[in-house]
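Trainee: Okay, handing you the structure first.
In this note's numbering, the protein residues as written are 5 to 305.
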């Protein structure tokens, strides 16, 4: 019996968001909207998204002893996520500077802050959380050596989900544990390196990624849904057509939903189809965590 459906290990940031008519080029200044501050970070986003859907969720992360840290803790608790693993202190809370254009597309620069101080020893100290969790999900807004320690700390029957964002080359130890590795087009190309140039087809990227060692791969395709790949083959998963307002956090909501549904025993393609609906519901609202839907809202799609 697991205490948690999902343990998220990852980042917790304050999102500083400005709306712009267009994103600036090099050396250019543009005027934007009033600054809005939201709880964010890929780890905290996934934890809130899963908890709002009804998953029993815990987060292992680090925040600063500051106003932004308290904002994040309040948001996690309000969503129903367990904050027993959230460590406080060591550096200021991480911050993401986000610009959003009228089409809903965003550009993000992250100052890691306390996220960079989440260490392998913090992971080892949280061994009880790992043994109590059916699925463990992480990202790359924390140190890579910490992600490696997450893989080494997995309980024998736990499933590991990785969204390698921001993307970087991954050690074979991490790739081999992924079930699935979840990437968008940009992340897939970074991880594939020169191999990405052999084809423009996401199906080929998925097969190439699978050959690198993951047990399964999911390629997210925005409004076009997603693509899943495993030893059973490659399949497209459709999404629901919606009018996008803000894509911030949509990938995190997708990953959280997918990880949770996989933990319930749902097949990869069905879990990805549900996750695509969660992502679609997310982009219809502004912000990250405030836009994550409940299970009832997803059902309405």
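For each residue, glycine too, the CB sits at the ideal point set by N, CA and C.
Quick one: measure Cβ to Cβ for residue 23 and residue 36, integer angstroms, because I've assumed they're closer than 8 angstroms.
Mentor: Right, the Cβ-Cβ distance comes to about 6 angstroms (below 8 angstroms), so this counts as a contact.
Trainee: Answer yes or no: does any C-beta atom of chain D fall closer than 8 angstroms to that of residue 291?
Mentor: No chain D is present in this structure, which holds just one protein chain.
Trainee: Where residue 205 and residue 189 are concerned, what is the direct C-alpha to C-alpha distance, given to the nearest angstrom?
Mentor: 10 angstroms
Trainee: Could you name each continuous alpha helix (DSSP H) segment of 4 residues or more that falls completely within the segment 239-300, going from the start of the chain to the end?
Mentor: 254-267 and 272-286
Trainee: Can you tell me where the beta strand (DSSP E) with residue 40 in it begins and where it stops?
Mentor: 40-44 is the extent of the beta strand (DSSP E) around residue 40.
Trainee: By the three-class DSSP mapping on this structure, what secondary structure does residue 195 have?
Mentor: In this structure, residue 195 counts as helix in the three-state DSSP scheme.
Trainee: According to the neighbour-count rule (16 or more other Cβ atoms, all chains shown, within 10 Å of its Cβ), is residue 126 buried or exposed?
Mentor: buried
Trainee: Rounding to the nearest angstrom, what Cα-Cα distance links residue 182 and residue 150 in this structure?
Mentor: 15 angstroms
Trainee: Is the segment 88-97 touching the segment 169-177 in the sense that three or more CB pairs, one from each, lie closer than 8 angstroms?
Mentor: no
Trainee: What distance in whole Å lies between the Cβ atoms of residue 97 and residue 1, which are believed to be in contact at a cut-off of 8 angstroms?
Mentor: There is simply no residue 1 to check, as the chain begins at 5 and stops at 305 in what is shown.
Trainee: Hey, residue 223 and residue 192 are a contact pair by Cβ (cut 8 angstroms); roughly how many whole angstroms apart?
Mentor: 6 angstroms
Trainee: Pull up the distance between the alpha-carbon of residue 290 and that of residue 64, whole angstroms please.
Mentor: Going from the Cα of residue 290 to the Cα of residue 64 covers about 26 angstroms.
Trainee: Going by DSSP, which residues form a beta bridge with residue 17?
Mentor: 44 and 98
Trainee: By DSSP, does residue 169 sit in helix, in strand, or in coil?
Mentor: coil
Trainee: Please give the ranges of any beta strand (DSSP E) in the segment 42-89, keeping only runs that are unbroken, at least 3 residues long and fully inside the region.
Mentor: As far as the segment 42-89 is concerned, its whole beta strand (DSSP E) runs of at least 3 residues are 61-67.
Trainee: Classify residue 175: buried if its beta carbon has 16 or more other beta carbons within 10 angstroms, exposed otherwise.
Mentor: By the neighbour-count rule (16 or more Cβ atoms within 10 Å), residue 175 is not buried but exposed.
Trainee: I need the straight-line Cα distance from residue 121 to residue 115, nearest angstrom please.
Mentor: 12 angstroms
Trainee: According to the Cβ coordinates, are residue 251 and residue 287 closer than 8 angstroms?
Mentor: yes
Trainee: Report all residues from its chain with a CB closer than 6 angstroms to the CB of residue 264; omit the five preceding and five following residues, and keep chain order.
Mentor: So the list reads 9, 10, 54 and 59, once near-sequence residues are dropped.
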